[in-house]
Amino acid sequence: MAVAVGECRGPLLEARGVVKVYPDGVVALRGVDFALMPGEVHALLGENGAGKTTLMRILYGEIRPTRGEIRVCGRRVVFHSTRDAIRSGVAMVYQHPRMVPTLTVWENMVLYFSSAGVPLGEARERLRWAQEVTGFEVPLEAVVEELPLGAVQRAEILRALAAGARVLILDEPTTNLTPLEVEGLFKAIRNMKAHGVSVVYITHRLPEVMEIADVVTVLRRGRVVASRVDPRGLGAEELARLMVGELPPPPPRPGGRRLGAPVLVMRGVRARGRLELVVDELVVRGGEVLGVAGVEGNGQDELVGVVVGLLEPLEGSVEVLGAPPRGVRDYLGRGGGFIPGDRRKALVLSMSVAENAAFLVYAHRGPLLLTPGMLVSLYERIAREYNVVAEGPWAPVGRLSGGNQQKLLVGSQLLLEPRLLVAVNPTRGLDVATTSYVRRLIAGLAERGAGVLLVSSDLDEILELSDRVAVLHRGRVAGILPREEATPERIGLLMGGGVEAGGTGGKGA
Ligand SMILES: Nc1ncnc2c1ncn2[C@@H]1O[C@H](COP(=O)(O)OP(=O)(O)OP(=O)(O)O)[C@@H](O)[C@H]1O
Ligand SMILES: [Mg+2]
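This is the structure in structure tokens:
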């Protein structure tokens, strides 16, 4: 069964002269024109806070434009809610899942179908069709919160397609995916395109743009600076320049530093989290960056948990800065820094930027009493040194763009010069310039004598920063390579070894 694709020849979805001023006065969009043609993959680029998510939330009916209009297939429409958008064939999959975590996948789909006006009698058949097009299989009876993020995302794409989406908006969709899952997503996008579905693809990852996008639009501070350009004609470097102006220099290459005393020593460690972690020996010395590569879910969480004191080992010894960590407070209080992989676990979105900063910086080793004046000056320092763009100290963190939330988190962990930094995907969701900036901060920290345990699913990041690379596979250290030997091929080989097929596993409908 084919879902009707409509007879649209001109733009399928358009924004014309869209201005968005948020209730607190932030001007996120300053008169934006955007057009999506049938059957195209249209990448939307721009630095953190440029207005990408805002524009798409408007096109998806989640928020209303202050001025300007939306057109679907040439006709002016007013979306009062996402329900209106879905019924017009526009769907959006956010960076973080929107399914109800405590319900099953199927229950979530039924909710969505009923608001999209899909007759439930057709639901199974449409879903089967969507599975055929995308190649995605999802376990329909599984409870959402028990599924990995990638599986939830696939379920969200499936339900949108099954509900008749002709426009699919993906906001940084690969942030939480393994390389294999990314491959699966790209295949699905190509097939959806062949079935007449248009895709808006928001990302900071330029190689992905080169691979998947037909055209590119670039936003900068709420304005369009390039419209519908050909990414391959322009090249990645030019795109990056369009996004951020001048590009900062890359971090100094590692190596040649004098190493200090060990700041992390693990011996004979066995621990159990979601899987069993076994580490015979792992040492990080002051002045070095030890990169940890691996397909996500191969023991990274467990390793990080053991180091920062969140997970108690069953056997073996762990010494962090000279003593075994007794909980995460103890770890931080002793001069450890921690950038967790999911910033929403560290930030309180409803609280202000200043309060979050104080929380992160001082909670474990600070003055007992913090005056508002101290909060403001802390905020100003972090905002200045780490380039956090916020409306002011008292703006709720939830209103910052994703990238600015991440900079706040990174800044608050680097501010007190930790002697050991555990950083998990520290540049996730950051734009090109900020990524390079944060990487230089991390390199600089090691330069000044701190040890860094860098856990990242971004191999380029690992290769750029690490003195040595440890590869995790099924909870074990499959190998530790010095930087001269750490080629993508060798790391890939250690990572692989017939690991789970990532992309489309699980039970089908
Ligand atoms: N609900 C909100 N209330 C007030 N300001 C907001 C709100 N959401 C976003 N903003 C602000 O609007 C601007 C654009 O934010 P937006 O989230 O659209 O950026 P983005 O391009 O998606 O950035 P990123 O790459 O970091 O996700 C930013 O200055 C942001 O702080
Ligand atoms: Mg965004």
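First residue of the sequence shown? That's 185 in this note's numbering, and the numbers climb one at a time after it.
In this text, a Cβ means the ideal position worked out from N, Cα and C, and glycines have one as well.
Go ahead and pull the three-state DSSP assignment for residue i.
i    : result
R389 : coil
G687 : Note that G687 scores 36 on pLDDT, short of 50, meaning its location in the model is unreliable and no value can be drawn from it.
G215 : strand
E575 : coil
D355 : strand
F522 : strand
R255 : strand
T266 : helix
P694 : Missing from the structure shown is residue 694; the chain here goes from 185 to 693 and no further.
E321 : coil
G692 : Note on G692: pLDDT 34, under 50, position unreliable in the model; the coordinate value appears next. Reduced to three states, the DSSP call for G692 is coil.
R454 : strand
S641 : coil
V187 : Because the pLDDT at V187 is just 37, under 50, the model does not fix this residue reliably, and the point stays unresolved.
S298 : helix
E224 : coil
M697 : This structure gives no information on residue 697, because the portion of the chain shown stretches from 185 to 693.
L466 : strand
A769 : Lying before the first or after the last residue shown, residue 769 is absent from the chain, which here runs from 185 to 693.
A234 : coil
Taking residue i as the reference, which of the options has the closest Cα?
i    : options                   : result
K591 : S620, W578, V302 and G635 : S620
V399 : R310, L220 and D644       : L220
A726 : G245, R416 and V504       : Nothing about residue 726 can be read from this structure; the chain reaches only from 185 to 693.
G633 : L443, F263 and V261       : L443
V336 : T611, V322 and G406       : V322
P195 : G452, V661, V402 and R350 : R350
V210 : T238, V216 and P222       : T238
D651 : T362, A477 and L426       : A477
G334 : L647, I566, T387 and V277 : V277
V256 : P281, F370 and A199       : A199
E499 : P556, T671 and V490       : V490
P332 : S298, P281 and T266       : P281
T387 : C192, M427, F297 and L448 : M427
E306 : F320, G525 and G348       : G348
T697 : E330, L304, T250 and I247 : With the chain covering 185 to 693 only, the question about residue 697 has no answer from this structure.
Cβ of residue i within 8 Å of Cβ of residue j?
i    : j    : result
A530 : L604 : no
A538 : Y570 : no
I396 : V274 : no
V492 : V479 : no
R404 : G230 : yes
V462 : M450 : no
P577 : L559 : yes
L466 : E486 : no
R312 : V302 : no
I566 : V573 : no
G659 : L678 : no
I254 : S299 : no
V653 : A670 : yes
R441 : G417 : no
L163 : G457 : As displayed, the chain neither begins before 185 nor continues past 693, which places residue 163 out of reach and without an answer.
A542 : L554 : yes
N482 : H264 : no
V655 : I675 : yes
V545 : L600 : yes
G258 : G380 : no
Skipping 5 residues on each side, what residues in its chain have a beta carbon closer than 6 Å to that of residue i?
i    : result
L637 : V468, L474 and V606
L598 : L625
V383 : V225, L352 and I373
A227 : Y385, V393, A397 and V400
E684 : The pLDDT assigned to E684 is 34, lower than 50, so where the model puts this residue is not dependable, and the model offers no usable value.
L354 : V277 and Y385
G680 : none
Excluding sequence positions up to five away, which residues of its chain have a Cβ less than 7 Å from the Cβ of residue i?
i    : result
G587 : N232, G233, G613, L614, D615 and T618
V488 : V606, V608 and V639
V289 : V322, P323, L324, A326, V328 and A339
G687 : Model confidence at G687 stands at a pLDDT of 36, short of 50, so the residue's coordinates are unreliable; what they give is reported in the following sentence. Excluding residues within five positions, the ones whose Cβ falls inside 7 Å are L364, E365, E367 and G368.
R214 : V203, G406 and R407
A314 : L342, L345 and A346
P610 : I523, V594, V622 and I626
Y206 : A212
G429 : none
What residues in its chain sit with their C-beta under 8 Å from that of residue i, if we drop five residues either side in the sequence?
i    : result
N292 : M283, V284, V328, A339 and R343
M376 : V317, T318, L345, L352 and V383
P391 : A420
Throw me the rounded Cβ distance for the residue i and residue j pair, which I believe falls under 8 Å.
i    : j    : result
P497 : R527 : At roughly 26 Å, the Cβ-Cβ gap does not stay under 8 Å, so P497 and R527 are not in contact.
T359 : Q279 : 6 Å
P672 : L643 : 6 Å
G245 : G201 : Contact doesn't hold; Cβ gap of about 18 Å is too wide.
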